[in-house]
C-alpha cells in the first residue's frame with residue numbers, strides 16, 4: 145500500500161503516520177473563557193478508510209464519552225491502516241452543565257445540518273458537517289438512555305440497508321434495533337453525505353457503567369477488524385451469541401403515579417402477564433402491579449424511584465427478525 149494523502153481538518157494538516165489533537169473553537173462561555181473541543185486524529189502510514197468515533201452529542205450522556213476515552217487509552221484508536229478520528233465530547237456546553245441540551249435550549253441532535261448563522265447548536269452542527277464529515281467513510285456515534293431510562297447495549301440502523309446490516313452483524317451488540325433516521329439528527333445528515341454510521345445506545349444519562357463500556361469496546365474492535373484497521377497489538381473477541389434483531393417494539397407506560405419498584409432486569413425475555421414492577425403510594429396503603437402486556441425482550445428500563453402516570457417505564461420488543 146502507498147502512503148496516505150495529507151488530511152486537512154480545520155486548516156490543520158495531519159500527515160500519514162502522524163498523530164494530532166486539533167482544538168475546535170466555535171464559541172466562548174458567557175464568562176469569555178474559551179471552550180475547545182479536542183478532535184484526536186491518529187493516522188497510519190498505510191492507506192485505508194477514515195473512521196469517526198463520537199460521543200456526548202447530548203451533554204449528559206457521559207458513558208459514550210467514557211467509551212471513546214477508553215478507545216484512546218487502550219490505543220485502539222491507533223489504526224493498522226487508514227485514519228481514526230475521536231471526538232469524546234461534542235456538546236461541551238452540555239457536558240460542563242451536565243445537561244442534555246445546548247445553552248440555547250436546543251437539542252443538537254435535532255438541528256442538523258445546521259446553519260452558519262443560526263443558533264449556537266445549529267452553528268456547531270454546521271461546522272461538524274462542513275469540516276469533519278467530508279473526510280469520513282464510517283462512523284459510530286455513542287449514546288445513552290435519556291433521563292433515568294437505562295438502555296440495553298444496542299446498535300440502531302435503518303431498515304433495508306445491507307451494508308449497515310453487515311456492519312451491525314460484525315459489531316454484534318446484544319441487540320440491534322431497526323430505527324428510521326429522524327429529521328434533524330446527526331445520523332440522518334451523515335447518511336445523506338454517504339457516511340456509513342452505526343448508532344450505539346447503552347446505559348443511562350449521568351452514569352458510567354462498566355458492562356456497557358466493555359460491550360461497546362468489544363464491538364468496536366470487531367468493527368475495526370472487519371475494516372482491516374484494528375491495531376495489530378489488539379485482539380477482537382469472538383462473540384458468544386448473535387445479536388438479536390428487533391424490528392418493532394413499544395413502550396409500556398405507568399398507569400399510576402407513585403414510588404417505582406422494578407422487578408425485572410435489562411435484556412431479559414419476559415412472557416405476557418409476567419410481573420415487571422410495582423408502583424406504590426408513600427404511605428403503605430396502595431400497591432399497583434405492572435405486568436408485561438406481551439412476550440418480548442426488555443431493552444430499556446426506567447430506573448427512576450418516582451414515576452408519574454404516563455411515564456415510559458419499559459421498552460419491550462414486539463417483533464423480532466427471523467434468522468435467514
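In this note's numbering, the protein residues as written are 145 to 468.
Just so you know, even glycine gets a beta-carbon here, dropped at the ideal spot from N, CA and C.
Alpha carbon of residue 244 to alpha carbon of residue 237, nearest angstrom: On the chain shown, position 100 is the one that residue 244 refers to. On the chain shown, position 93 is the one that residue 237 refers to. Rounded to whole angstroms, residue 244 to residue 237 spans 9 Å at the Cα level.
Whether residue 462 touches residue 432 by CB criterion (8 Å): Residue 462 sits at position 318 when you count from the first residue of the chain shown. Residue 432 sits at position 288 when you count from the first residue of the chain shown. No; because the gap between Cβ atoms is not below 8 Å, this pair is not in contact.
Separation of residue 176 from residue 389, as counted between CA atoms: One-based indexing of the chain shown puts residue 389 at position 245. One-based indexing of the chain shown puts residue 176 at position 32. Computed Cα separation, rounded: 48 Å.
Beta-carbon proximity of residue 344 to residue 286, cut-off 8 Å: Looking up residue 344 in the chain shown gives position 200. Looking up residue 286 in the chain shown gives position 142. A contact, by the Cβ cut-off of 8 Å.
Cα-Cα separation, residue 386 to residue 314: Reading the chain shown from its first residue, position 242 is the one you call residue 386. Reading the chain shown from its first residue, position 170 is the one you call residue 314. For residue 386 and residue 314, the distance between alpha carbons rounds to 10 Å.
Residue 248 versus residue 264: straight-line alpha-carbon distance, rounded: Numbered from 1 along the chain shown, position 104 holds the residue referred to as residue 248. Numbered from 1 along the chain shown, position 120 holds the residue referred to as residue 264. Looking at the two C-alpha atoms, the distance is approximately 7 Å.
Inter-residue Cα distance where the pair is residue 411 and residue 152: Translated into the one-based positions of the chain shown, residue 411 becomes position 267. Translated into the one-based positions of the chain shown, residue 152 becomes position 8. Answer to the nearest angstrom: the Cα atoms are 43 Å apart.
Span of the beta strand (DSSP E), counted from its first residue to its last, around residue 463: If you number the chain shown from 1, residue 463 lands on position 319. Start and end: 456-464.
Neighbour-count burial assignment, residue 331, 16 or more Cβ in a 10 Å radius: For the purposes of this step, residue 331 is taken as residue 187 along the chain shown, with counting starting at 1. The residue is buried, with at least 16 neighbouring Cβ atoms inside 10 Å.
Residue nearest to residue 283 in terms of C-alpha spacing, selected from 185, 159 and 229: Along the chain shown, one-based indexing puts residue 283 at 139. Checking every option, the nearest Cα to that of residue 283 belongs to 229.
Host alpha helix (DSSP H) of residue 220 (start-end): Counted from its first residue, the chain shown places residue 220 at position 76. Counting along the chain, residue 220 falls outside any alpha helix (DSSP H), and DSSP gives it neither H nor E.
Local Cβ density within 10 Å of residue 298, reported as buried at 16 or more and exposed below that: Start at 1 with the first residue of the chain shown, and residue 298 comes out as number 154. Burial call: buried.
7 Å CB neighbourhood of residue 374 in its chain, flanking five on each side removed: Within the chain shown, numbered from 1, the residue matching residue 374 stands at position 230. Excluding sequence neighbours, residue 374 sits near 224, 365, 368 and 380.
Span of the alpha helix (DSSP H) around residue 298: Here residue 298 corresponds to residue number 154 of the chain shown, with the count starting at 1. Residue 298 -> not in any alpha helix (DSSP H); beta strand (DSSP E) instead, spanning 293-301.
Terminal residues of the alpha helix (DSSP H) in which residue 279 lies: Start at 1 with the first residue of the chain shown, and residue 279 comes out as number 135. Neither: residue 279 is in no alpha helix (DSSP H) and is coded neither H nor E.
Three-way DSSP call (helix, strand, coil) for residue 444 in this model: For the purposes of this step, residue 444 is identified with residue 300 of the chain shown, where counting begins at 1. Correct three-state label for residue 444: strand.
Sub-8 Å separation of residue 235 and residue 246 beta-carbons: Residue numbering aside, residue 235 sits at position 91 when the chain shown is read from its first letter. Residue numbering aside, residue 246 sits at position 102 when the chain shown is read from its first letter. Their beta carbons are under 8 Å apart, which means residue 235 touches residue 246 by this criterion.
Span of the alpha helix (DSSP H) around residue 237: One-based indexing of the chain shown puts residue 237 at position 93. Following the DSSP letters along the chain, one finds residue 237 inside the alpha helix (DSSP H) bounded by residues 236-241.
Whole-angstrom distance between residue 192 and residue 145, CA atom to CA atom: On the chain shown, residue 145 is found 1 positions in, with the first residue counted as 1. On the chain shown, residue 192 is found 48 positions in, with the first residue counted as 1. Low confidence applies to residue 145: its pLDDT is 37, below 50, so where it sits in the model is not reliable enough to give any reading.
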